[in-house]
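Counting with the working numbering, you get residues 33 to 668 for the letters of the sequence shown.
By construction, the Cβ of each residue, glycine as well, lies at the ideal position given by its N, Cα and C atoms.
This report concerns only the one structure given below.
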Amino acid sequence: MTEDTFSPPTSEWYYPSEEIVNNAWVSDYDALYAEAMSDIEAFWAKRASETLDWFEPWEQVLDRSNAPFFKWFVGAKTNIAHNAIDRHVKTWRKNKVAFIWEGEPGDRQTITYWQLWQQVNKFANVLKSMGVTKGDRVTIYMSRIPELVYTMLACAKIGAVHSVVYAGFSEQALSDRIDDAQSKVLVTQDGSWLRGKIVRLKDTVDEAVRRSPVVEKVIVARRTNHEIHMESGRDYWFDELMALPVASPYCETEVMDAEDPLFILYTSGTTGRPKGVLHTHGGYQVYTSTTLQWVFDIKDDDRWWCAADPGWITGHSYIVYAPLILGATSFIYEGAPMHPYPDRWWRMIEEYGITILYTAPTAIRSLMRFGEAWPNRHDLSSLRLLGTVGEPINPEAWRWYHRVIGKERCPIMDTWWQTETGGFIVTPMPSVGLKPGSATRPFPGLDVDIVDEEGNSVPAGEDGYLVIKQPWPSMLRTVYGDPDRYVGQYWSAYEKQGWYLAGDSARKDEDGYIWVIGRIDDVIKVSGYRLGTAEIESGLVSHPAVAEAAVIGIPDELKGNVIYAYCILVAGVDGNDALVDELKEHIRHEVGPIAIPAKIEFVDKLPKTRSGKIMRRVLKARAQGLPVGDLSTLEE
Ligand code: WTA
33 MTEDTFSPPT SEWYYPSEEI VNNAWVSDYD ALYAEAMSDI EAFWAKRASE
83 TLDWFEPWEQ VLDRSNAPFF KWFVGAKTNI AHNAIDRHVK TWRKNKVAFI
133 WEGEPGDRQT ITYWQLWQQV NKFANVLKSM GVTKGDRVTI YMSRIPELVY
183 TMLACAKIGA VHSVVYAGFS EQALSDRIDD AQSKVLVTQD GSWLRGKIVR
233 LKDTVDEAVR RSPVVEKVIV ARRTNHEIHM ESGRDYWFDE LMALPVASPY
283 CETEVMDAED PLFILYTSGT TGRPKGVLHT HGGYQVYTST TLQWVFDIKD
333 DDRWWCAADP GWITGHSYIV YAPLILGATS FIYEGAPMHP YPDRWWRMIE
383 EYGITILYTA PTAIRSLMRF GEAWPNRHDL SSLRLLGTVG EPINPEAWRW
433 YHRVIGKERC PIMDTWWQTE TGGFIVTPMP SVGLKPGSAT RPFPGLDVDI
483 VDEEGNSVPA GEDGYLVIKQ PWPSMLRTVY GDPDRYVGQY WSAYEKQGWY
533 LAGDSARKDE DGYIWVIGRI DDVIKVSGYR LGTAEIESGL VSHPAVAEAA
583 VIGIPDELKG NVIYAYCILV AGVDGNDALV DELKEHIRHE VGPIAIPAKI
633 EFVDKLPKTR SGKIMRRVLK ARAQGLPVGD LSTLEE
């Protein structure tokens, strides 16, 4: 969880069975790690040439000349869509199932590689007919439905850059992200199903597009079939476009440079402005597919279920791109885990024979609350591996997941990584010993350390900052449109050494196992979702009653963290319960429902440094009744 509930390293070990170790792609982590570190470039070049097709080979594996603007596979020509779909339809795999999909109301679809390829080609032609060309940005605001996958891949195929905005974000958050990317085309759906209700996505889009007139065309997939507004000349139905002659089932795949942009994914940072993390075609495909194959030991007969939302990096890398590159079969479920009963997930694991489940600690904790009877009602024996991501997993939830879901047979892959890293960085593999709550050790080829402010490695058991000391293929290339922010945010703290600062604090234990503690910046993880204090604060201040606001994360048993907000009201405004409700509603529209504070308090003053920076540490300590610590920099 966060530093306040962090439990120290345990001496509890879990070892995978001999059978698992012997059958795993990687059965000797130490040997592979040593091999990779002896020559990182040779290691990645070998993976790239042995597992992927390239239209033209690279001249250089890694170009460090303009660090931290590193380049991978320089000069190579490729397209991730070629490796994810095109190449598979030329083999037996064309008849393999790429996706099994279940909607929340219970409807289903099975999509083979061939069908997927056709849908992507058709939609790529639709996008082209809308004037989308190489390098153009397309914003996607959709839930977990197959059309979302088609749209992402269609963009990649024609060299357009997708920007998926999580469908839980509000009109303002969506509009900010559209403006930053300057997308002329937006793809959405009428609504999505969640907990038996319709989420009216198109209404949110209408409002966002009113605020962001840069959008010229809106394509709407039909999902919930409720009445929506369709603006003539701007809005088009997805299915109607797909039925037009222009949507022919073959579209040439654009030849891209390895370093050409693939997508922008906005994530929160230290200012209110969203930060567009940029990933590219070349290195990203090498790294995501390698990590998925080795960490989750993907085999041809697996049924892989990454239960994340495609609106976040986990969905980009491990629902869409990596599984398809590996030619895997994935399961996607549209809706809420407890709908209509808390055994929905367990029922689907049984019914579809899911072999690997990858989810977030917050989901495990919320399912755990309903007790063991729900999972025990189902045969979960198809499972062979489990995984978690998004925040540190508390050992109690880890043990429950291991015992009740994995029946003590399935090793748990606790993967530490970020939007910026593109793929797993600190992670076990099925052949290593596990300790509940630790993401274990770095992936081969990754040089991760815990250091102090000067850059000295801290001794075992002490807190420090997590840094990555060598570039890796799926690292972010820049912050879209703001290279200075890229340098400042990630590379300036250890400029001399040239290390990447992740923004997390962590410890190493005597065995070299890494224990991530939590964020060191103004990022709050609520139910695994990454939110920035600044975006919520500017949302609060945009309400006429609020003069100033400060937002903090407070540890919560279920959600990891919840948001507390402190507001100074403008003179003469009465801070009553009705205003609290109004501000919560306001945040729902400014940022989204996930950002609604659990508590809003009206105050006269906020603790600030002499330079005017809010001391969140003081607010946090006070809210939890803890000692506030050193106050020498406090102004008043
Ligand atoms: C946190 C999610 C502990 C961490 C893929 C990181 C984790 C941030 C873990 C990135 C984990 C993610 N253990 N903490 N296994 N995985 N985090 O960009 O604070 O949404 O910096 O990427 O989530 O969040 P993001």
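Sub-8 Å separation of residue i and residue j beta-carbons
| i | j | result |
| --- | --- | --- |
| residue 359 | residue 125 | yes |
| residue 460 | residue 472 | yes |
| residue 86 | residue 109 | yes |
| residue 505 | residue 318 | yes |
| residue 353 | residue 320 | yes |
| residue 366 | residue 626 | no |
| residue 140 | residue 322 | no |
| residue 44 | residue 424 | no |
| residue 466 | residue 442 | no |
| residue 156 | residue 190 | yes |
| residue 497 | residue 537 | yes |
| residue 295 | residue 193 | yes |
Residue i burial status per 10 Å Cβ neighbour count (16 or more: buried)
| i | result |
| --- | --- |
| residue 48 | buried |
| residue 602 | exposed |
| residue 329 | buried |
| residue 642 | exposed |
| residue 276 | exposed |
| residue 528 | exposed |
| residue 257 | exposed |
| residue 165 | exposed |
| residue 34 | Its pLDDT being 42, under 50, residue 34 is placed unreliably in this model, and the coordinates cannot settle the point. |
| residue 656 | exposed |
| residue 282 | exposed |
| residue 394 | buried |
| residue 579 | exposed |
| residue 105 | buried |
| residue 554 | buried |
Nearest-angstrom Cβ-Cβ length linking residue i and residue j, presumed shorter than 8 Å
| i | j | result |
| --- | --- | --- |
| residue 455 | residue 349 | 6 Å |
| residue 209 | residue 306 | 5 Å |
| residue 571 | residue 617 | Going by Cβ atoms, the distance from residue 571 to residue 617 rounds to 11 Å, so no, they are not a contact pair. |
| residue 368 | residue 136 | 7 Å |
| residue 399 | residue 374 | 6 Å |
| residue 381 | residue 412 | 6 Å |
| residue 608 | residue 357 | The Cβ separation is near 55 Å, so there is no contact. |
| residue 240 | residue 207 | 4 Å |
| residue 453 | residue 327 | At roughly 13 Å, the Cβ-Cβ gap does not stay under 8 Å, so residue 453 and residue 327 are not in contact. |
Residue from the options with nearest C-alpha to residue i
| i | options | result |
| --- | --- | --- |
| residue 198 | 84, 562, 73 and 608 | 562 |
| residue 501 | 518, 514, 481 and 491 | 481 |
| residue 337 | 254, 536 and 388 | 388 |
| residue 439 | 638, 407 and 497 | 407 |
| residue 595 | 267, 565 and 104 | 565 |
| residue 152 | 179, 166 and 543 | 179 |
| residue 149 | 62, 113 and 251 | 113 |
| residue 251 | 442, 448 and 158 | 158 |
| residue 204 | 235, 117 and 227 | 235 |
| residue 95 | 347, 291 and 654 | 291 |
| residue 634 | 322, 370, 651 and 78 | 651 |
| residue 254 | 272, 52, 625 and 92 | 272 |
| residue 548 | 196, 228 and 539 | 539 |
| residue 168 | 188, 127, 244 and 120 | 188 |
| residue 238 | 230, 224 and 261 | 261 |
| residue 478 | 503, 444, 491 and 495 | 503 |
| residue 615 | 604, 422 and 632 | 632 |
| residue 129 | 569, 143, 117 and 201 | 143 |
| residue 639 | 592, 265, 581 and 585 | 581 |
| residue 530 | 98, 53 and 351 | 98 |
| residue 311 | 429, 435, 509 and 431 | 509 |
| residue 308 | 133, 81, 518 and 186 | 518 |
| query | Which ranges does the beta strand (DSSP E) cover as unbroken runs of at least 3 residues, wholly within the stretch 393-447, from first to last along the chain? | reply | DSSP runs (the beta strand (DSSP E)) wholly in the stretch 393-447: 417-421 and 444-447.
| task | Can you check the stretch 61-117 for any beta strand (DSSP E) of at least 3 residues that lies completely inside it and give the ranges in chain order? | result | The beta strand (DSSP E) runs lying completely inside the stretch 61-117 and spanning 3 residues or more are 92-95 and 103-106, given in chain order.
| query | Which runs of the beta strand (DSSP E) spanning at least 3 residues fall entirely within the stretch 276-313, listed in chain order? | reply | Runs found: 293-299 and 307-312.
| task | Write down every uninterrupted run of the beta strand (DSSP E) in the stretch 503-542 whose length is 3 residues or greater and which is fully enclosed by it, in chain order. | result | Counting only runs of 3 or more, we get 532-540.
| Whole beta strand (DSSP E) runs in the stretch 310-363 with 3 or more residues, listed along the chain? | Entirely contained in the stretch 310-363, the beta strand (DSSP E) runs reaching 3 residues are, in chain order, 335-338.
| Whole alpha helix (DSSP H) runs in the stretch 193-223 with 4 or more residues, listed along the chain? | Fully enclosed alpha helix (DSSP H) runs of no fewer than 4 residues occupy 203-213 of the stretch 193-223, in order along the chain.
| query | What alpha helix (DSSP H) runs, 4 residues minimum, are completely inside the stretch 140-201? | reply | Counting whole runs of 4 or more residues, the stretch 140-201 contains the alpha helix (DSSP H) stretches 145-161 and 178-190.
| request: Any chance you could list the beta strand (DSSP E) runs of at least 3 consecutive residues sitting entirely within the stretch 224-279, in chain order? | output: Within the stretch 224-279, the complete beta strand (DSSP E) runs of at least 3 residues are 224-226, 229-231, 249-253 and 267-269.
| Can you give, in chain order, each stretch of the beta strand (DSSP E) that sits fully within the stretch 589-613 and has at least 3 residues? | Listed in chain order, they are 592-601.
| Quick one: complete beta strand (DSSP E) runs, 3+ long, within the stretch 542-573? | Qualifying beta strand (DSSP E) stretches, in chain order: 546-551, 555-558 and 561-564.
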